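Number of protein chains: 2
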Amino acid sequence: MSPSVSIEVSPAGLTSLAAQFALLADPLRLRIVDSLSREQLCTCHLIELTGAKQTTISHHLRLLREAGVVLSEAEGRFTWYRLTPGVFTESLRRLQGIALDSASTARLRPACAS
Amino acid sequence: MSPSVSIEVSPAGLTSLAAQFALLADPLRLRIVDSLSREQLCTCHLIELTGAKQTTISHHLRLLREAGVVLSEAEGRFTWYRLTPGVFTESLRRLQGIALDSASTARLRPACAS
DNA sequence: ACGCTACATCAGCAGTTACTGATATCAAAG
DNA sequence: CTTTGATATCAGTAACTGCTGATGTAGCGT
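Protein chains in written order, with the numbering used here: chain A, 248 to 361; chain B, 248 to 361.
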């Protein structure tokens, strides 16, 4: 009855971690996130800053918003964006784990060829 | 003579940072990296571990190898893979910078609408 | 030499994603 | 109320990316 279990390739939230990295994997989007880490900005700032088209910026901001990476606040005609506090805490922790484990146990070699 | 300068959207190596995140953005590839952070493994281990096809694993290992994220060492019929020491140090530093700046200066709002 | 096993490469398909022009919304200005 | 400026949404396209079957190579055992 259960062959339809969706392919669970990744244990322990590795999939959601990958999803967050995917959001940082585009140069323009990473630039937006980086800029927002220093100060709140509205869409017009990001357009000026990056030189990208308005629709392109809005497109990326939507992805970031829907993923909960940024928060938006409308103020008159403007929309202010800022990073969601603590969004990267977990990802940072996981990546540190990978980097640290790598440093300490990189030499282990389990038995091969069963 | 220089209008063909490729679009430099991102300053200060944000592009290469994005490229490294892109490598971690695939669930299966992240799983591989995560596994290699704990011990060296050969291709056959990764196939067993993930249940993915051999060609798929080889495909991802190639990407990781070409990007310098993993190192490979042939031993007879087997090929051992391990994480390149320190590959994530810089990315980790940058991501920490983003997370920390975000926490301290998230409230700043520059003048809008020039 | 033969076959088997571990692994890499290639080529094609399918699904995804980034970009952009057209269009809609909506608030402030006049 | 009309205009303008800021922003969001939509739809289409082009480019990219992951997956996989077919195929190639190279050790190792027999």
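Ideal Cβ placement from N, Cα and C applies to all residues, glycine included.
Every value quoted in this text rests on a predicted model; they were computed, and no experiment measured them.
Output yes if chain B places a C-beta closer than 7 Å to the C-beta of Q301 (chain A); else output no.
No, because no Cβ of chain B sits closer than 7 Å to the Cβ of Q301 (chain A).
What residues of chain A sit near H292 (chain B), judged by a beta carbon separation below 8 Å?
Taking a Cβ-Cβ threshold of 8 Å, the residues of chain A close to H292 (chain B) are P357, C359, in chain order.
When you check each C-beta in the stretch 273 to 289 of chain B against every C-beta of chain A, which residues fall closer than 9 Å?
Going along the stretch 273 to 289 of chain B in chain order, one finds D273, P274, L275, R276, L277, R278, V280, D281, L283, S284, R285, E286, Q287, L288, C289 with a Cβ nearer than 9 Å to chain A.
If you draw a straight line from the alpha carbon of R329 (chain A) to that of L310 (chain A), how long is it in whole angstroms?
CA-to-CA, the gap between R329 (chain A) and L310 (chain A) works out to about 14 Å.
Completely contained beta strand (DSSP E) runs for the stretch 259 to 333 of chain A, where each covers 3 or more residues:
For the stretch 259 to 333 of chain A, whole beta strand (DSSP E) runs of length 3 or above, ordered along the chain, are 317 to 322, 325 to 330.
What residues in its chain sit with their C-beta under 7 Å from that of I294 (chain B), if we drop five residues either side in the sequence?
In the same chain as I294 (chain B), and ignoring 5 residues on each side of it, the C-beta atoms closer than 7 Å to its own belong to Q301, I304, in chain order.
Alpha carbon to alpha carbon, how far is P258 (chain B) from S351 (chain A)?
Their backbone Cα atoms lie some 33 Å apart in a straight line.
Between the Cα of R276 (chain B) and the Cα atoms of B:V317, B:A265, B:G260, B:L339, which residue gives the shortest distance?
Per the C-alpha coordinates, the member of B:V317, B:A265, B:G260, B:L339 positioned closest to R276 (chain B) is B:V317.
Which one of B:A272, B:V334, B:L342, B:F335 has the shortest CA to CA distance from V334 (chain A)?
Nearest C-alpha to V334 (chain A): B:L342.
Which residue from A:V280, A:C359, A:G260 puts its Cα closest to that of G315 (chain A)?
The alpha carbon of G315 (chain A) has as its nearest neighbour, out of A:V280, A:C359, A:G260, the alpha carbon of A:V280.
Secondary structure of A358 (chain B), DSSP reduced to three states
The answer is coil: DSSP assigns A358 (chain B) none of H, G, I, E or B.
Straight-line Cα distance separating S338 (chain A) from F268 (chain B)
Answer to the nearest angstrom: the Cα atoms are 11 Å apart.
Are R278 (chain A) and L347 (chain B) touching if we call contact CB-CB under 7 Å?
Going by C-beta atoms, R278 (chain A) is not nearer than 7 Å to L347 (chain B).
Between A265 (chain B) and chain A, is any beta-carbon pair separated by less than 7 Å?
So, interface residue.
Since I believe E320 (chain B) is in contact with R356 (chain A) (beta carbons under 8 Å), could you give me their beta-carbon distance rounded to a whole number of angstroms?
Between the beta-carbon of R356 (chain A) and that of E320 (chain B) there is about 10 Å, and that puts the pair past the 8 Å contact cut.
Tell me the rounded alpha-carbon separation between L271 (chain B) and S349 (chain A).
Near 15 Å, if we compare the C-alpha coordinates of S349 (chain A) and L271 (chain B).
Exposure of A358 (chain B), with buried meaning 16 or more beta-carbon neighbours within 10 Å:
The residue in question, A358 (chain B), is exposed, as its Cβ has fewer than 16 Cβ neighbours within 10 Å.
Measuring alpha carbon to alpha carbon, tell me which of A:L308, A:F325, A:G323 ends up nearest T331 (chain A).
Of the listed residues, the one whose Cα sits closest to T331 (chain A) is A:L308.
Answer yes or no: do C289 (chain B) and T326 (chain B) have a C-beta to C-beta separation smaller than 7 Å?
For the 7 Å CB-CB criterion, C289 (chain B) and T326 (chain B) form a contact.
Members of the stretch 329 to 350 of chain B that neighbour chain A once the beta carbon cut-off is set at 9 Å:
Residues R329, L330, T331, P332, G333, V334, F335, T336, S338, L339, R341, L342, Q343, G344, I345, A346, L347, D348, S349, A350.
In angstroms, rounded to a whole number, what distance separates the CA positions of L296 (chain B) and P274 (chain B)?
In a straight line, the C-alpha of L296 (chain B) is about 14 Å away from that of P274 (chain B).
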